[in-house]
Structure formats: C-alpha cells, structure tokens
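Q: First, the structure itself, so that you have it in front of you.
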Amino acid sequence: MLTLLSFASVLAGPPAVAQPTPDGSTGIGIRLLEAPVALEDDPRALSYIVDNLPPGTLIDRRFEVTNDTGAEASVRMYVGAADITPDSGFTFADGAAPNELTSWMTVTPSEVVVPSGGSTEGLVSVSVPPDATEAERYAVVWAEVSGAPGSGGISTVSRVGIRTYLSVGAGNGPPEDFAVTTVTAGRSTTGAPEVTIGVDNTGGRALDPSASVTLSGGPGGISAAPATGSGGSIAPGTSGTVTVALDAALPAGPWTADVTVTSGRVSRDGSGQVTFPDSGTADAQQLSASSSGTPAWIWIVVAAVVIALAVALALVLRSRARTST
116 MLTLLSFASV LAGPPAVAQP TPDGSTGIGI RLLEAPVALE DDPRALSYIV
166 DNLPPGTLID RRFEVTNDTG AEASVRMYVG AADITPDSGF TFADGAAPNE
216 LTSWMTVTPS EVVVPSGGST EGLVSVSVPP DATEAERYAV VWAEVSGAPG
266 SGGISTVSRV GIRTYLSVGA GNGPPEDFAV TTVTAGRSTT GAPEVTIGVD
316 NTGGRALDPS ASVTLSGGPG GISAAPATGS GGSIAPGTSG TVTVALDAAL
366 PAGPWTADVT VTSGRVSRDG SGQVTFPDSG TADAQQLSAS SSGTPAWIWI
416 VVAAVVIALA VALALVLRSR ARTST
C-alpha cells in the first residue's frame, strides 16, 4: 500500500491547520495551551514550546487538537526529530524519527478518537537527563490522521505540529540576540521588487525572524507604505535572510530603506540605500543605524532647554537668597 503524506507548515502565529480536504473540510488543527510565565510576552513561546531547562528538569505542556474533517477521526500523537539548516531553516524528518531531544519527550495519549467538530487535549512531557550537555535542540509534537486506502490502494496521511526549541543550561540560558547586516534589492520571478535583509544570529538561541521595510526618499520624494515578511529559522552562530515582497508598481529608486527585524522579544533596526535592478538582484548594501525614531537634533534641543531651565532656576534662587539677606 502506498502512503502519501501531507502536512501543515509548523509556523508561528495561529494554530497550524491541515490543508483543506477535497470535500471542503479543513482537517485537523493543533495549538499550544500554555507557556512559561517568564515568556508570556514572547510571541514565539505562545505558538511553540520554547524553554531553557537545567539538566535533571521535568516539564509538562498541554496542547489541543481539533477535528474539522467532517467525520470522526482517530488521531495519533507523537514526537519527531527536527533540525535547523542554513539552506532550509527549520526542517523535520518523516514520522517519529528520533533524535536526542525526542528521547526525552513523551506524548499522552498516544492515540485518541476525536468526534467531528470536537477537540481533545494532549500532554507532552520533557525530562532532561542529569548529564545533558548545554545546547539547543529541536523537535516537533505531531498530531496525525490517516485516511482509508482508495481504490488504487493509496492512503493519505495528514499531520500538524508544534515546534519545540529546547535549550539546556543553568539559569535563563543563553540570550537571544542578532544583528541586521545587509539589505539587498532584487526582483522576484514575477518581476516584483523585493528587499532581502541579512541577519547574523549572535546569540545562543534559534531565531524565527520577521521584518518590516519602509521605503522613503524615492523619486520625487515619494514614500511607500510599510511591508512585512518572514524568514526561516536561523541557528545560533549562523546567518540567514528575511525577504520582504513590495508593491509591483514601485519605481526603481533610489530609496532609503528603513528595516526592523524581530524575533521573539528582540528587535533590531537598520537603514540602507537601495535601487531595484531590472531583474535579478543588486549588490548587497551595508546597513547603518536606522534613522527611524526620534531624530538626534530633537534630543540636542531638549538637552539645551533643560540646561537653560536649570541655569535660570539657579539664578532665581541666588537672587532670592541675596534679597533675604
């Protein structure tokens, strides 16, 4: 029997949902139900299992699986290996492929029948061995349904998952940090302009970067509305990119591109000059400190006013002191 596998992208944001089925139903979905209190303001931790644990620690995380297939479904729940590569970002293996992190993880229940339109909760436990080395490891918690074989003996398997980024170490673990380095103007295969931002992961945790780009100072002094995009995961000590697609009607430039890249609770800004080529990509331009935000001259004026007020107050107090004597 031949088995075909379809899966939802394990991405940030809303719960992952399987691809629509031929009859119009939406399939199964999965979402994390809890996150560490210390990371409640980290959007990654609300969608993924993101944590730093000392050796010898045990944690539990609850998640929910929903069934919108239009029929009762037997859902298998398990963990599978994942990794981050320079070319593909966050990647995962087929099925319950093992790695070191998956050997520390268990999912209960391992299989459950979910009624049509219903939901169920699962629990994933992570038990870090006392002798675990300090490093970040990756896995996926999967929920999977298998369809009955068709007339040709072909069965379709659909799965949705939650990424796991687990760092092992004392305290809060290595910090997340990165630098935005370059901006490159280019055109997509359709000819639309796009900007690609270089990102160096200088911290000790994986990144899931997103970016916004604002173009100003274009031909005739025109500006463009901000545009957003996202990139693949970037492992610690490596580099990656975030590409932002822009309006096809934009003139070639030159433009000033103000960029902001965000991963979790960390954001970095930069500014560079770009001109879109007729096709392909232009040379990468180094990013400088962004000119966005409050201009430096305003802070200079504010400081001068504060100093002037302080001097005036001192003179008034001195005059009053002389009068009283």
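For the sequence shown, the positions run 116 to 440 when the working numbering is used.
Just so it is clear, CB atoms sit at the ideal spot from N, CA and C, and this is done for glycine as well.
Please classify residue 230 as buried or exposed, where buried requires at least 16 other C-beta atoms within 10 Å of its C-beta.
A: For this step, residue 230 is matched to residue 115 along the sequence shown. Residue 230 comes out exposed.
Q: Do you know offhand how far residue 407's Cα is from residue 172's?
A: What you label residue 407 is simply residue 292 of the sequence shown in a count that begins at 1. What you label residue 172 is simply residue 57 of the sequence shown in a count that begins at 1. Its pLDDT being 39, under 50, residue 407 is placed unreliably by the model, and nothing is read from it.
Q: Report the option in 261, 294, 367 whose CA atom is closest to the CA atom of residue 318.
A: Here residue 318 is taken as the residue at index 203 of the sequence shown, counted from 1. Taking only the C-alpha atoms, the option nearest residue 318 is 294.
Q: Determine the burial state of residue 245: buried for a count of at least 16 other Cβ atoms within 10 Å of its Cβ, exposed for fewer.
A: Stepping through the sequence shown from its first residue, residue 245 is reached at position 130. When all chains shown are included, residue 245 counts as exposed.
Q: Return the first residue and the last residue of the beta strand (DSSP E) that residue 331 is part of.
A: The residue labelled residue 331 in the question sits at position 216 within the sequence shown. Unbroken beta strand (DSSP E) run through residue 331: 325–331.
Q: What is the C-beta distance between residue 204 and residue 348, in whole angstroms, given that I count them as a contact (C-beta under 8 Å)?
A: On the sequence shown, position 89 is the one that residue 204 refers to. On the sequence shown, position 233 is the one that residue 348 refers to. The Cβ separation is near 4 Å, so the contact holds.
Q: I need the DSSP call for residue 225, collapsed to helix, strand or coil.
A: The count along the sequence shown starts at 1 and reaches residue 225 at position 110. It is coil, neither helix nor strand.
Q: Please confirm whether residue 179 and residue 234 have their CB atoms less than 7 Å apart.
A: Looking up residue 179 in the sequence shown gives position 64. Looking up residue 234 in the sequence shown gives position 119. Yes.
Q: The alpha helix (DSSP H) spanning residue 161 covers which residue range?
A: Position 46 of the sequence shown, counting from 1, holds the residue named residue 161. Residues 158–162.
Q: Checking the sheet assignment: what are the DSSP bridge partners for residue 282?
A: As a first step, residue 282 must be located in the sequence shown, where it is residue number 167. Beta-bridge pairing links residue 282 to 167, 251.
Q: So, under 8 Å CB-CB, residue 334 and residue 366 are touching, yes? Tell me the CB distance rounded to an integer number of Å.
A: For this step, residue 334 is matched to residue 219 along the sequence shown. For this step, residue 366 is matched to residue 251 along the sequence shown. Indeed they touch by this definition, with Cβ atoms about 5 Å apart.
Q: Contact between the segment 244–259 and the segment 292–312: three or more CB pairs below 8 Å?
A: The segment 244–259 vs the segment 292–312: no contact.
Q: By DSSP, does residue 422 sit in helix, in strand, or in coil?
A: Position 307 of the sequence shown holds residue 422. Three-state DSSP puts residue 422 in a helix.
Q: If you run the structure through DSSP and keep just helix, strand and coil, what is residue 154?
A: Residue mapping note: residue 154 aligns to position 39 of the sequence shown, counting from 1. Correct three-state label for residue 154: helix.
Q: Do residue 190 and residue 219 have their C-beta atoms within less than 7 Å of each other?
A: The sequence position of residue 190 within the sequence shown is 75, counting from 1. The sequence position of residue 219 within the sequence shown is 104, counting from 1. Contact flag unset, no.
Q: Relative to the alpha-carbon of residue 305, which residue among 270, 361, 374, 287 has its alpha-carbon at the smallest distance?
A: On the sequence shown, residue 305 is found 190 positions in, with the first residue counted as 1. Checking every option, the nearest Cα to that of residue 305 belongs to 361.
Q: Less than 6 Å between C-beta atoms, sequence neighbours within five positions excluded: which residues of the same chain meet that for residue 285?
A: Along the sequence shown, read from residue 1 onward, the residue named residue 285 stands at position 170. Hits under 6 Å: 169.
Q: Helix, strand or coil, according to DSSP, for residue 428 in the structure here?
A: Taking the sequence shown and counting its residues from 1, the one referred to as residue 428 is at position 313. Reduced to three states, the DSSP call for residue 428 is helix.
Q: Please tell me whether residue 176 and residue 227 are closer than 7 Å, where the distance is taken between their beta carbons.
A: In the sequence shown, residue 176 corresponds to position 61, counting from 1. In the sequence shown, residue 227 corresponds to position 112, counting from 1. In this structure, residue 227 does not lie closer than 7 Å to residue 176 by Cβ.
Q: Report the three-state DSSP secondary structure of residue 356 (helix, strand or coil).
A: Numbered from 1 along the sequence shown, position 241 holds the residue referred to as residue 356. In the structure shown, residue 356 sits in a strand (DSSP, three-state: E or B).
Q: Answer yes if the segment 151–159 comes into contact with the segment 375–386, meaning at least three C-beta pairs across the two stretches below 8 Å, and no otherwise.
A: Output reads yes: the segment 151–159 touches the segment 375–386.
Q: Measure the C-alpha to C-alpha separation of residue 275 and residue 207 and round it to an integer number of angstroms.
A: In the sequence shown, the residue the question calls residue 275 occupies position 160. In the sequence shown, the residue the question calls residue 207 occupies position 92. Spanning the two alpha carbons is a distance of roughly 12 Å.
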